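**Q** Residue numbers (the working numbering): 3 to 375.
We put the beta carbon where it would ideally sit given N, CA and C, even for glycine.
Quantities reported herein were computed from a predicted structural model and do not represent experimental measurements.
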Amino acid sequence: MRRKIRFLPLLLLLFLCSCAPKEQQSGTWDALELDHSVELQYAAQFSIDRYQGEYQKITIGTDGVYLVVPEGGEVPEGIPEDVTVLRQPLDSIYLVATSAMDLFRELDGVGAVTLSGTDVNGWYIDEAKRAMEEGSMVYAGKYSAPDYELILDRGCDLAVESTMIYHSPEVKEQLERFGVPVLVERSSYESHPLGRMEWIKLYGALLGKEKEAQAYFDGLLERLAPILEQENTGKTVAFFFITANGGVNVRCSGDYIAKAIGLAGGVYAFPDLTGESSVQSTMNIQMEEFYQKARDADILIYNSTIDGELETLDQLLEKSPVLGDFKAVQGGNVWCTGKNFFQESLGLGNFMVDLHRVMTEEKPPLTYLHPLA
Numbered sequence: 003m004r005r006k007i008r009f010l011p012l013l014l015l016l017f018l019c020s021c022a023p024k025e026q027q028s029g030t031w032d033a034l035e036l037d038h039s040v041e042l043q044y045a046a047q048f049s050i051d052r053y054q055g056e057y058q059k060i061t062i063g064t065d066g067v068y069l070v071v072p073e074g075g076e077v078p079e080g081i082p083e084d085v086t087v088l089r090q091p092l093d094s095i096y097l098v099a100t101s102a103m104d105l106f107r108e109l110d111g112v113g114a115v116t117l118s119g120t121d122v123n124g125w126y127i128d129e130a131k132r133a134m135e136e137g138s139m140v141y142a143g144k145y146s147a148p149d150y151e152l153i154l155d156r157g158c159d160l161a162v163e164s165t166m167i168y169h170s171p172e173v174k175e176q177l178e179r180f181g182v183p184v185l186v187e188r189s190s191y192e193s194h195p196l197g198r199m200e201w202i203k204l205y206g207a208l209l210g211k212e213k214e215a216q217a218y219f220d221g222l223l224e225r226l227a228p229i230l231e232q233e234n235t236g237k238t239v240a241f242f243f244i245t246a247n248g249g250v251n252v253r254c255s256g257d258y259i260a261k262a263i264g265l266a267g268g269v270y271a272f273p274d275l276t277g278e279s280s281v282q283s284t285m286n287i288q289m290e291e292f293y294q295k296a297r298d299a300d301i302l303i304y305n306s307t308i309d310g311e312l313e314t315l316d317q318l319l320e321k322s323p324v325l326g327d328f329k330a331v332q333g334g335n336v337w338c339t340g341k342n343f344f345q346e347s348l349g350l351g352n353f354m355v356d357l358h359r360v361m362t363e364e365k366p367p368l369t370y371l372h373p374l375a
């Protein structure tokens with residue numbers, strides 16, 4: 003009887019070990035057990051695999067692989083050299099890719115960004131500007147000239163760079179040499195406009211806010227469904243700005259703005275305009291070519307990002323009097339974007355709503371477009 007009593011603790015110990023979660027039994031890379039892969043409906047530039055124990059593997063493009071380790075979790079042994087480890091919580095981020103700030107804001111994650119690659123005067127997102135004014139976010143230098151001392155002093159645990167960093171590879175190498183992981187934001191490479199906004203799922207994974215990210219994207223699709231399901235209006239739209247030398251900058255036909263025009267129910271005025279590479283988004287053309295292709299366009303939209311917002315048609319005609327011959331100018335159907343449009347990357351959904359309302363001549367207020375009269 004005594005032997006049985008002594009044997010019971012051993013049996014209990016063996017039973018508990020056999021019931022322990024597998025991810026706790028082995029701390030190796032190969033032992034991570036896949037739970038599921040995150041469904042992506044439009045994005046093609048990243049993927050997320052979720053493993054038992056709340057570990058996540060994020061793959062960006064063809065050369066960026068990251069293992070997100072949950073708070074309190076152990077870093078597995080045997081991780082391949084090309085895999086970058088990110089330890090949660092990520093609460094001291096150096097954000098250089100300005101387009102990502104809108105996604106941090108939507109996820110209530112601006113507080114995680116303590117270092118900015120844009121000075122306070124360069125922000126059009128109120129939360130980012132306020133954080134810099136209050137000192138919770140500080141300027142740490144642009145992408146090509148970061149303040150390494152400040153970045154290290156702030157205990158930076160992740161640098162989110164735009165693809166501009168590829169022009170300064172030595173900066174990326176130096177940050178990594180100092181132990182700062184670098185994630186290169188590639189949402190601008192997405193071919194589908196909604197793919198850009200689906201990147202909120204990636205930032206949800208980084209911040210531990212996966213449910214919030216999924217809820218936002220589901221709500222976005224629900225809001226856009228009535229527009230996406232309608233027939234094309236057939237109205238032609240040109241999106242442009244006048245360059246300093248009198249030329250015209252327009253979007254390539256494969257660019258997300260051109261595609262957003264189509265999704266919103268319009269026809270882009272330059273359907274066959276391609277750049278030297280598949281990722282080139284804009285081209286400069288001569289006014290003669292713009293005149294030929296866009297003179298009869300139903301709608302003109304002036305891009306204010308480069309040289310500031312316009313308020314009147316006279317201001318537009320001062321840039322190029324020949325625009326007075328255009329159908330849209332004569333018909334009073336000329337619009338201008340706000341300066342905040344490109345920084346508010348999630349605003350692309352509202353921009354598509356704006357486009358649809360302009361094409362269908364609906365009267366509700368617009369978010370990113372205002373008329374030039």
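#1: Between which two residues does the beta strand (DSSP E) holding Q282 run?
#2: Using a threshold of 8 Å, state whether the C-beta atoms of Q90 and V71 are closer than that.
#3: In the DSSP output, what is N251 paired with across the bridge?
#4: For P148, is the classification buried or exposed, using 16 other Cβ atoms within 10 angstroms of its Cβ as the cut-off for buried?
#5: If I follow the unbroken beta strand (DSSP E) through H38, where does it start and stop?
#6: Measuring CB atoms only, is the region 298-313 touching the region 232-248, in the sense that at least three cross pairs come out at less than 8 Å?
#7: Between the beta-carbon of S283 and the beta-carbon of S101, is there less than 8 Å?
#8: Would G29 pass as a contact of P78 if the rule is Cβ separation under 8 Å?
#9: To which residues of the same chain is Q232 closer than 7 Å at the C-beta, ignoring the five residues directly before and after it?
#10: Look at V355 and I167 and say whether their C-beta atoms are less than 8 Å apart.
#11: Taking Cβ positions, are D65 and K59 nearer each other than 8 Å?
#12: Under three-state DSSP, which class holds P125?
#13: State the start and end residues of the unbroken alpha helix (DSSP H) segment that holds H169.
#14: Could you have a look at I153 and say whether DSSP puts it in helix, strand or coil?
#15: Determine whether the beta carbon atoms of V140 and T165 lie at a separation below 8 Å.
#16: Return the chain-ordered list of same chain residues with a C-beta closer than 6 Å to the C-beta of F1, the five sequence neighbours on each side being excluded.
#17: How do the region 262-278 and the region 323-337 stand: do at least 3 beta-carbon pairs fall below 8 Å, yes or no?
#18: Within its chain, find whatever has a CB closer than 6 Å to the CB of Q216; leave out the 5 residues flanking it on each side and keep chain order.
#19: Using 10 angstroms around the beta-carbon of S118, count the other beta-carbons present and answer buried if the total reaches 16, otherwise exposed.
#20: Out of G75, V98 and N352, which has the shortest C-alpha to C-alpha gap to A227?
#21: Let me confirm a value: V87 is counted as buried when at least 16 other C-beta atoms fall within 10 Å, else exposed. Which label applies?
#22: Please list the terminal residues of the continuous beta strand (DSSP E) segment that includes I1.
#23: Of the choices K131, I202, V184 and S138, whose alpha-carbon is the least far from that of Y145?
#24: With DSSP as the reference, please indicate the residues paired to C338 in a beta bridge.
#25: Given that a residue counts as buried once 16 or more other Cβ atoms are within 10 Å of its Cβ, and exposed if not, what is T116?
#26: The beta strand (DSSP E) that contains L222, what's its start and end?
#27: Just to confirm my understanding: we take A271, look at its own chain, exclude 5 residues before and 5 after, and list those with CB closer than 7 Å. What are they?
#28: With D356 as the anchor, note down where its alpha helix (DSSP H) starts and where it stops.
#29: Cα-Cα, which of I81, H194, G74 and E73 is closest to L34?
#30: Which one or two residues does DSSP pair with D51 in a beta bridge?
#31: Name, in chain order, the residues that DSSP records as bridge partners for T120.
#32: Do L315 and V336 come within 8 Å of each other at the CB atom, strictly closer than that value?
#33: Taking the DSSP output, what are the residues bridged to R179?
#34: Can you look up R89 in the DSSP assignment and give me helix, strand or coil?
#35: DSSP three-state label for E163, please.
#36: Which class does T100 belong to by DSSP, given the choice of helix, strand or coil?
**A** Answer, in terms of the structure:
#1: Taken as a continuous stretch (DSSP letters only), Q282 belongs to no beta strand (DSSP E), as it is neither H nor E.
#2: yes
#3: F243 and N286
#4: buried
#5: L36 to S39
#6: yes
#7: no
#8: yes
#9: G267
#10: no
#11: no
#12: This sequence places Trp at residue 125; Pro is not what is there. W125: coil per DSSP, three-state reduction.
#13: It is not in any alpha helix (DSSP H) - H169 carries neither H nor E in the DSSP assignment.
#14: helix
#15: no
#16: Past the boundaries of the shown model lies residue 1; the chain is included only from 3 to 375, so the question cannot be answered.
#17: no
#18: none
#19: buried
#20: N352
#21: exposed
#22: Nothing can be reported for residue 1, as the shown portion of the chain is limited to 3 through 375.
#23: V184
#24: Y304 and H372
#25: buried
#26: Not the beta strand (DSSP E): L222 falls in the alpha helix (DSSP H), residues E212 to L230.
#27: T238, V239, A240, K295, A296 and A299
#28: L350 to T362
#29: I81
#30: S39 and K59
#31: Looking at the DSSP assignment, T120 forms no beta bridge with any residue, so it has no partner.
#32: yes
#33: DSSP output for R179 lists no bridge partner at all.
#34: strand
#35: strand
#36: helix
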